[in-house]
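Anchor point for the sequence shown: position 117 equals 117 in the numbering used here, and the numbering is continuous, going up by one each time. Note that the Cβ used here is the ideal one computed from N, Cα and C, for glycine as well. Since the structure comes first, as C-alpha cells, the remarks are kept for the end.
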Amino acid sequence: MRKLVYSLLIIGTLTFTSCTLPQMIKMAKEQKLEIKPNPLEVHKDTVNFDLSGNLPVKMLKKGTVYTLNTFYKYGENELALPGLPLKAEDYPNSAKEETKVSKAFMFPYKDAYKTGTIEIQGVASKGTKSKTTPRMPYATGIITTSKLVQNSYYAAFAAHSYNNQEELIPVVIPNFIFERGKSVLRASEIKAEKGKQLDAFIASKNVTRTVTITGTHSPEGLERINSKLSEERAAAIEKFYRDQMKKYDYQGVAAEVKFILKPITDDWSEFKTALAAYSGISAEEKAAYLNVINNGGAFEEQEK
C-alpha cells in the first residue's frame, strides 16, 4: 500500500508540472503589454523606453517563473535586452487581481538600429522545463529627429583663441591574456607584441595623468573559486606598469600617475551579443539560454 501511494504522488507531481507551463502560455495570450514611446526615440545617442502592462489573474503559478524577454530586431540581426522575471511569490495578490509589470530599458544608438522593431517573448519555466510564447512586435523605431538638429552659429569676439590647457590623447593597449583561474602576468605576454607596445609607451615617458586597467574573468566555474580574480588581474598589470616606471627612472613623476582599476565580474553582455548573432540554434533554444541568465540567481548556477 505504501508503494502504491508513493507512485500516485510521483505521477501526480509530474502531471501538475506538465500541465502548468502550457496553461501559463495559454493565459499569456491575454496579457496586455505596452511600449512607450512608440515609435522609439533617440536622445543624446541613447534609446530609452518603458515596458508596462498587466498579466491575467492566476497566470503566475507557485514554483514557476514567467520571464518577459525583450529584443530589438533590426534587419537580420537583433539586440537582446535584459529580461523581466516574474514569480508568484513576489506578487502575493496575483491569484486575485491582474499582475502589474513595468521595466525601464535603454541601449546605445547605432545607425544600423534606425529601422527595427521591439519584440517580446514570454518564457514559462519550472526547473529545467520551459515553454515559450511566440514573439510579438510591440513598437517600431527609431525616430532620430534629435540627431538632425544643428547648432546655430554666430559671430562673436574673444580676446584670443589660445588654449593653454593640456591636450591629452588616450592610448589603448591590447588585452593581456591570463591562464584560467590565475592572476599571474606571464612572461610570454610581456614578451609578446602587446607587452612590447606597453613597455615602449612607458619608456618614452609620455605625459600620463591616469592609467585605467580593466580586469575581467571568463564565465567558467573555475574562476569562481577566487571571487577577486578580476581585481587581482588588474593589480598585476598595475604592478608591471609601476615596475617599468622604476626601471626607466620616472622618479617623482611616477607619483603623479593615477591608477584606476576596474574589475568586471558577473557580466553576460558579450555572451548575449554573441548569442543573438549565432545562427546555429533555434529561437526557442536562444530563449532558453536567455531565460537562465535573466532569471537571476547565483552566477555559478547560471554558468552551469
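Within 10 angstroms of the beta-carbon of Ile-213 lie 16 or more other beta-carbons, which makes it buried. Burial is judged here by how many other beta carbons sit within 10 angstroms of a residue's own beta carbon; Lys-44 has fewer than 16 and is exposed. Under the 8 angstroms Cβ criterion, the stretch 128-141 does not count as touching the stretch 75-86, having fewer than three qualifying pairs.
Shown here, Gly-195 sits in a helix according to DSSP, grouped into three states. For Leu-68, the uninterrupted beta strand (DSSP E) segment begins and ends at 65-74. Leaving aside the five residues that flank Tyr-91 on each side, the residues in its chain whose CB is nearer than 7 angstroms to its CB run, in chain order, Leu-60 and Thr-99. Closest option to Glu-30, judged by alpha-carbon separation, among Gly-127, Arg-209 and Leu-55: Leu-55. Take Glu-179, set aside five residues on each side of it, and the residues of its chain with a beta-carbon closer than 8 angstroms to its own are Arg-186, in chain order. When secondary structure is reduced to three states using DSSP, Thr-128 falls in the coil class, being assigned neither helix nor strand.
With a cut-off of 8 angstroms on Cβ pairs, the stretch 196-211 is in contact with the stretch 229-248, counting three or more such pairs.
Per the DSSP secondary-structure output, Phe-107 pairs in a beta bridge with Val-47.
Per DSSP, reduced to three states, the secondary structure at Ile-143 is strand. Boundaries of the alpha helix (DSSP H) around Ile-237: 229-247.
A Cβ-Cβ separation of about 5 angstroms places Ala-124 in contact with Lys-131 under the 8 angstroms criterion.
Counting only the Cα atoms, Lys-110 lies some 35 angstroms from Ile-202. Rounded to whole angstroms, the separation of the alpha carbons of Asn-69 and Asn-206 is 48 angstroms. When DSSP states are grouped into helix, strand and coil, Met-136 belongs to the strand group.
Sixteen is the threshold: when 16 or more other Cβ atoms of the shown chains lie within 10 Å of the Cβ of Gly-122, as they do, the residue is buried.
Beta-bridge pairing by DSSP links Glu-34 to Ser-52. For the pair Ile-173 and Lys-191, the Cα-to-Cα distance works out to about 14 angstroms. The beta carbon of Ala-104 is closer than 6 angstroms to those of Asp-50 in its chain, skipping five residues each way along the sequence. Residue Tyr-72 holds the alpha-carbon nearest to the alpha-carbon of Val-47 among Tyr-72, Thr-67 and Asn-93. When only Cα atoms are considered, Ile-118 and Thr-140 end up about 6 angstroms apart. Residue environment for Met-245: buried (at least 16 other C-beta atoms within 10 angstroms of its C-beta).
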